[in-house]
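Colleague:
Residue numbers (the working numbering), protein chains in the order written: chain A, 111 to 476; chain W, 111 to 476; chain F, 111 to 476; chain E, 111 to 476.
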């Protein structure tokens, strides 16, 4: 059973609520002997950290990760790694009305219906704050991948925010970490900022599309039929708060294509098979081809908005809901480092799983 | 570990290759005392069966399911149900060249690279024939759901095949099972048939989009954070052969929306909460709302086509690949009953899981 | 969830009832490229087969295993291996009264209470016949171990049957497969045969103790804390029908010892560490030491006996139960090959798991 | 994969090392709405706490549990419960030599061989200190059981310590928590204390046998074939540090019995079936009968002793090992509350699992 765990071999269990004393991740299955430090993980957490720009929630959380177990003298021991992040800036008084009201588009009502009780403070367990724990676990995965697959590079970026799309002709990877939107398009930054400011001013929020690319992933990863690489990546992305769709390679557009167009032809290169295109997004039959893995996912607009919406409360009375508090006008932005973390976990998970099943051996070609 | 198993509580392990003696599904976790018969399951298998029309592969398989265990005097006993389907029409000689060649867009090359060995006959384990086992298991799930949630109705249908889209203004559910495309649009059938005939004549194939709707699903199903209902549905769909994208409710289009537009407002109806819209597709925070669950997924065009494509063989030589044999020009068509089966399994799985966690109790409103 | 599955990486799901059409095992996680044949597996099944001597049930079952999937041209492909054994000699009419009566000491009453329905024919799922499927799966494990750990040798034998104990001074491994009791003591055979004949004549049955030894197991296998090698072996043995106790190394006698006596002192041998004793039974902290793994388990006497016993029926009426049918007077005998199969599965499982976690690397000494 | 997790539905993942900053348990799958407090859990931890008498280690740890998540306003929310216990009295300097030496009978050498690295401070992960996390998780299980099965009573006690056995004729349950040995025999306490003092004075340690009884457990719990109640209990006990054997009901002595003797005859009592004996230990076919569950397990003597023993170090040199530090002369004593905790977890786990599979319905008798 894995209510709160993901992964087959590299297993991450996240815990914690938005306004509890702390949250974190219990990471089981990390190989021994890997260099891991709080500093290394912190780099990833800092990218996701709230309160850094006016584009994200103004909640101020230092989000300092502490390693409580599983690392000894700077290296993993093969035992569970407990990662804890203390909550410090919980203004629970902001959320008083939410205790009995259900925000439209939010998990308030379903948690109430399922559990009969919910920690309403800041969204409790359904808050995007949970994703900090994922990013911390992803930092551990990145440390392991750095040691085992040094050429692997995972890159996430926004490609769309509501009406705004990046211009792929201006794609510049180096730009991604230089702007608050994680977009690879320096010229678009100011325009996106104005657009989002207007959205916020209108007491509104907006959706987003994120693209993830993993380069340097070895072929042979993925466990058909029900732990395919694309299956597990889709599940990982869909588990992130507010994600409503996920696609690999051509994705939804595959419905438009013919077999002739969609075929990724193969030639023999100096180092092995080379594909002349990548409609498949780096995965065939659920197993990696060695080409870049390419996926995209959509994030719905934040449901917590200042514009009044009709809803009901726990007593069954109809109410108008206005969600105060400190919310991201576009939750898609901070989904970028979260998705990178999830992808790192999934790829590592399959690397370990493949070691178990095949011993890491590869069928030869030529 | 779940290479070939899906589900948490209702666990389905499929086994078998396209041209082996048989294939099937081992179903573990079926509640006891449920009426289950081969005839009931066969209805679902017959919908997926090949050779029924010129729109699908001409392979003739009766696809008769046998129940080998777990059912006694017509009722489930709570022990594993073994479902076996014998292969009868394996023309393995058709596939000779495939033994050493890799079809572009097919799992041939990745299975070879991962395992160093593959059953190349008819695609072996990566063949869509494996989905017959899913449909059989889905039949068991449907039998249980019929007993436990009699109002639940799961409906799948194609909404797009290449350049052709259904006209939603003509949506007629009763039409779906009357035409070979599983489309809810009687007027479109002839046009789609001509279109697909032309595709086939051109030694080509085409992609598709399928929509699934589950009506009557109770609220409260779904186990956040990592076994959310949408997460598990996305994984289930993405595990189907050739699927490249999956979306829930607004799906990829959620990236275009604002929070004001996307909010599903709630009012109090005579029987409880009512939602004024369903952008969420019936799931909030990973838990069902009681509204219809709505999802779509794309299926890429069949990679086995008669048009020659460049590729390599196991010796690393460049070759032109023409795939003879009996292939569906649009694998998306037969994905419809497969997806219904997967959805039935996922919903039942969460129903059982919810019984474990909450005892089936629901938080009251009003 | 694993009602009917055991193993982490090498996962075996057994299915089938005593008097259904067939039973078998779905084996998932078998490494690719391993030589596997029905003949190889059959050798193990033949050891467990009923009807071979007057010491075991007279039910005549050829117990021929069929491989339905996962093996291609004599080698495993990495996909699920389906092993099927057809039931042929079901005399269900023998069991008429059992349909409504509960045999004392048997699972009849608990299956009825749990499931409200049971396949009473021959004990249904609770019959020791299920263990044939385990032995078949164990044959696959043995084939993999033969390839990956050629020096490993797993040996099971009886050490006690009721009042009879083997004489360890006469221990002769070669004798084990030459007598119907699987005892390493040729001189005891006639005496044990007379003893069991008397038990049977008295319409009675008797318990047994079995010892298992695995020599040549590499150090480093076992995943603390909750998938320790001893934990998984204990679970594997306790899951066998009628097993009531299991112990490793000194076992229950460890309660009598002092730390000075129990310490297995270590010296440095030419090939690495050598232990001067093996009180630990080859496992420390849940991880193998490289010494022989030694365990014992007890099997209760067959509960199906001809001597009348007081019980009740499904209507709550008190009855005298006499169990006709063809039952082993000592089920412990045939537990020997079953336990060997389980041990093979557990050791292989941990070998694969260790490859995942450590890549098979070992910490150096010296 | 469950390196550090146990349970199917009520899943407990423990983390932490003996001398790290903290240790704890992540509890997933706790039903919502249950009253849980730190005070309630602390009662169980206090029983296991070191430094309370001269019979156990002199390490002084307050072992105060903190609930970091999953409980809101005093009740469980259905989300993961994080339980943390800070380490405060780590005298790591005591253990200097252990860094490069392997204590005979200890996990030092196997952790080194498996992982190539180990946290040698206080035994690291292999320390019995890990069991504090189990007891905390067991406290959560006890809280849930108190709500769902109020009549259930789990009682553990020592029945043997080396040469000393309790006198069952003097069995007095109320005595168990009044003496440092957890024995139900007031008269034996002084004698056992003298015996243990002599053991310690001789720089030695001693083994033990513990018995566990669960009264009031409902019938129908246990999921055959591979998640039988006895299988899961055996695994749970064997996973506790230093446990070498476990038995249910007649246990190892079942090998001595005949079927006539071993049959637990059944009569019809006013409230349903009644058994005239309990050789089975409350479990038939892996499913509870409603009778008391009775099991015993042995604990080997502490391997850390002051008497010098031969061993080697990491450089392969032969050394004499004397283990200083603060060790229990009989680790079996503190295993009592640990085993009770494990049993509570297993019973609750199966209660939840049974709700999933049968909805909690029971087959009727009479």
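For each residue, glycine too, the CB sits at the ideal point set by N, CA and C.
Helix, strand or coil: which one does DSSP assign to residue 351 of chain E?
Modeller: Reduced to three states, the DSSP call for residue 351 of chain E is coil.
Colleague: Using CA atoms only, rank isn't needed, just tell me which of F:303, F:149 and F:256 is closest to residue 164 of chain F.
Modeller: Selected option, being the one with the closest Cα: F:303.
Colleague: Ends of the beta strand (DSSP E) at residue 321 of chain E?
Modeller: Run containing residue 321 of chain E: 318-325, per the beta strand (DSSP E) assignment.
Colleague: Just list the alpha helix (DSSP H) runs in the segment 206-261 of chain W, keeping only unbroken ones of 4 residues or longer that don't cross its boundaries, in chain order.
Modeller: Here the runs fully enclosed are 218-225 and 241-258.
Colleague: Per DSSP, residue 175 of chain E is paired with what?
Modeller: Partner(s): E:195.
Colleague: My assumption, with CB atoms under 8 Å, is that residue 361 of chain E sits in contact with residue 354 of chain F. Please give the rounded CB distance.
Modeller: With a Cβ gap of about 5 Å, residue 361 of chain E and residue 354 of chain F count as contacting.
Colleague: Where does residue 332 of chain E land, buried or exposed, given buried means 16+ other C-beta within 10 angstroms?
Modeller: Residue 332 of chain E comes out buried.
Colleague: Quick check: is the beta carbon of residue 86 of chain F nearer than 9 Å to any beta carbon in chain E?
Modeller: Because chain F is modelled from 111 through 476, residue 86 of chain F falls outside the range shown and cannot be assessed.
Colleague: Do you know how far the Cα of residue 322 of chain E is from the Cα of residue 264 of chain E?
Modeller: When rounded, the distance between both Cα atoms is 7 Å.
Colleague: Any idea which residues DSSP pairs residue 376 of chain F with across the strands?
Modeller: Residue 376 of chain F pairs with F:385.
Colleague: In terms of alpha-carbon separation, which member of F:114, F:152 and F:425 lies closest to residue 379 of chain E?
Modeller: Residue F:425 is the option with its Cα nearest to residue 379 of chain E.
Colleague: Identify, in the order they occur along the chain, each residue of the same chain with its Cβ nearer than 6 Å to the Cβ of residue 127 of chain F, setting aside the five sequence neighbours on each side.
Modeller: So the qualifying residues of the chain are 229, 234 and 235.
Colleague: Just to make sure I have the definition right: I need the residues of chain E whose C-beta is within less than 8 Å of the C-beta of residue 228 of chain A. Which are they?
Modeller: Here the neighbours are 182 and 187.
Colleague: Does the distance from the CB of residue 191 of chain A to the CB of residue 146 of chain A come in under 9 Å?
Modeller: Yes, the Cβ-Cβ distance between residue 191 of chain A and residue 146 of chain A is below 9 Å.
Colleague: What does the Cβ neighbour count give for residue 287 of chain E, buried or exposed, with the cut at 16 atoms within 10 Å?
Modeller: Burial call: exposed.
Colleague: Ordered along the chain, which non-local residues of its own chain (more than five positions away) have a Cβ less than 7 Å from that of residue 254 of chain W?
Modeller: Closer than 7 Å at Cβ, skipping near neighbours: 140, 141, 144 and 458.
Colleague: Could you tell me which whole beta strand (DSSP E) segments of length 3 or greater appear in the segment 419-459 of chain F?
Modeller: Correct list: 419-422 and 428-431.
Colleague: Just to confirm before moving on: does the CB-CB distance between residue 212 of chain F and residue 376 of chain E stay below 9 Å?
Modeller: Contact: yes.
Colleague: Going along the chain, which residues of the segment 362-384 of chain A sit with their C-beta nearer than 7 Å to a C-beta in chain W?
Modeller: Within the segment 362-384 of chain A, the qualifying residues are 362, 364, 365, 366, 367, 368, 369, 370, 372, 373, 374, 375, 376, 377, 378 and 383.
Colleague: Does the beta carbon of residue 111 of chain W sit closer than 9 Å to a beta carbon anywhere in chain F?
Modeller: Because residue 111 of chain W sits at a pLDDT of 45, beneath the cut-off of 50, its placement in the model cannot be relied upon, and the point is left open.
Colleague: Helix or strand or just coil, what does DSSP make of residue 399 of chain E?
Modeller: In the structure shown, residue 399 of chain E sits in coil (DSSP, three-state: anything other than H, G, I, E or B).
Colleague: When the Cα of residue 319 of chain W is compared with those of A:357, A:186 and A:276, which residue comes out closest?
Modeller: Looking at the Cα atoms, A:357 is the closest of the given residues.
Colleague: Listing by chain order, which chain W residues have their CB less than 8 Å from the CB of residue 319 of chain A?
Modeller: Near residue 319 of chain A (Cβ distances below 8 Å), the residues of chain W are 362 and 365.
Colleague: Just how far apart, CA to CA, sit residue 248 of chain F and residue 199 of chain E?
Modeller: When rounded, the distance between both Cα atoms is 48 Å.
Colleague: Return the residues of the segment 447-471 of chain W that lie within a Cβ-Cβ distance of less than 7 Å from chain E, sorted by chain order.
Modeller: So the close ones are 462, 463, 465, 466, 467, 468 and 469.
Colleague: Report the neighbours of residue 136 of chain F on chain W: residues whose CB is nearer than 7 Å to its CB, in chain order.
Modeller: Neighbours of residue 136 of chain F on chain W, chain order: 123, 125 and 136.
Colleague: My understanding is that residue 391 of chain W touches residue 359 of chain W, with C-beta atoms under 8 Å, so please give their C-beta distance in whole angstroms.
Modeller: Right, their Cβ atoms sit about 2 Å apart.
Colleague: Is residue 476 of chain A close to chain W? Criterion is C-beta to C-beta, closer than 9 Å.
Modeller: Interface residue, yes.
Colleague: Using a Cβ-Cβ cutoff of less than 7 Å, which residues in the same chain neighbour residue 219 of chain F once the five nearest sequence positions on both sides are dropped?
Modeller: Excluding sequence neighbours, residue 219 of chain F sits near 212.
Colleague: Measuring only the C-alpha atoms, how far is residue 422 of chain W from residue 293 of chain W?
Modeller: So the two alpha carbons sit approximately 38 Å from each other.
Colleague: So, are the CB atoms of residue 441 of chain E and residue 214 of chain E less than 9 Å apart?
Modeller: Taking 9 Å as the Cβ cut-off, residue 441 of chain E and residue 214 of chain E do not qualify as a contacting pair.
Colleague: Would residue 339 of chain F and residue 407 of chain F be called neighbours here (beta carbons separated by less than 9 Å)?
Modeller: Contact flag unset, no.
Colleague: Could you compute how far the alpha carbon of residue 111 of chain A sits from the alpha carbon of residue 460 of chain W?
Modeller: Residue confidence for residue 111 of chain A is low, a pLDDT of 44 falling below 50, so the modelled location carries little weight; the figure read from the coordinates is stated next. Their Cα atoms are separated by approximately 11 Å.
Colleague: Go to residue 133 of chain W, then tell me how far its beta strand (DSSP E) extends in each direction, as first and last residue.
Modeller: 132-138 is the extent of the beta strand (DSSP E) around residue 133 of chain W.
Colleague: Would you give the residue range spanned by the alpha helix (DSSP H) that residue 151 of chain W belongs to?
Modeller: Per DSSP, residue 151 of chain W belongs to the alpha helix (DSSP H) from 148-158.
Colleague: Would you say residue 338 of chain E faces chain A, with C-beta separation under 9 Å as the test?
Modeller: Not an interface residue.
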